[in-house]
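K.L.:
Just so you know, we're using our numbering here: the sequence shown kicks off at 2 and counts up by one. Have a look at this one before I ask anything.
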Amino acid sequence: MAYLTGKTRGGADWTPTFAEAIDPAKCIGCGRCYKSCSRQVLGPEDLIDEETDSTRMIMTIVKTDNCIGCAGCGVACPKKCFSFKPMAV
Numbered sequence: 002m003a004y005l006t007g008k009t010r011g012g013a014d015w016t017p018t019f020a021e022a023i024d025p026a027k028c029i030g031c032g033r034c035y036k037s038c039s040r041q042v043l044g045p046e047d048l049i050d051e052e053t054d055s056t057r058m059i060m061t062i063v064k065t066d067n068c069i070g071c072a073g074c075g076v077a078c079p080k081k082c083f084s085f086k087p088m089a090v
């Protein structure tokens, strides 16, 4: 299978990996990923825990088409909530 590829500034091949999902069980809603993304891919969402009847904020992928595959959000995430995937062409 062929994937979308590019070149780094130094000329090396690079395969971008795009944000595919955020694990809501791991996310603590700290917002570090949100702050690291200049493309407005992420946004906050309230998650309601029906067992405890409490609400907590988590981050979600709201604009998938804006992702450029830099994986900066995953690097910024202290809980490693993100899963990434290259784009097939």
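Ideal Cβ positions, reconstructed from N, Cα and C, are used throughout, including at glycine.
Who are residue 45's beta bridge partners in DSSP?
P.N.:
The sequence position of residue 45 within the sequence shown is 44, counting from 1. 60, per the DSSP bridge assignment.
K.L.:
Decide yes or no for the touch test of the segment 79-90 against the segment 43-54: beta carbon pairs closer than 8 angstroms, at least 3 of them.
P.N.:
no
K.L.:
Only counting the same chain, and skipping five residues up and downstream in sequence, which positions put a Cβ closer than 6 angstroms to that of residue 2?
P.N.:
Along the sequence shown, one-based indexing puts residue 2 at 1. Here the set comprises 89.
K.L.:
Per the contact definition of three or more C-beta pairs closer than 8 angstroms, is the segment 3-12 in contact with the segment 32-40?
P.N.:
no
K.L.:
Give me, in chain order, the residues of the same chain whose beta-carbon lies closer than 7 angstroms to that of residue 78; leave out the 5 immediate sequence neighbours on both sides.
P.N.:
As a first step, residue 78 is located in the sequence shown; it is residue number 77 there, counting from the start. So the list reads 33, 34, once near-sequence residues are dropped.
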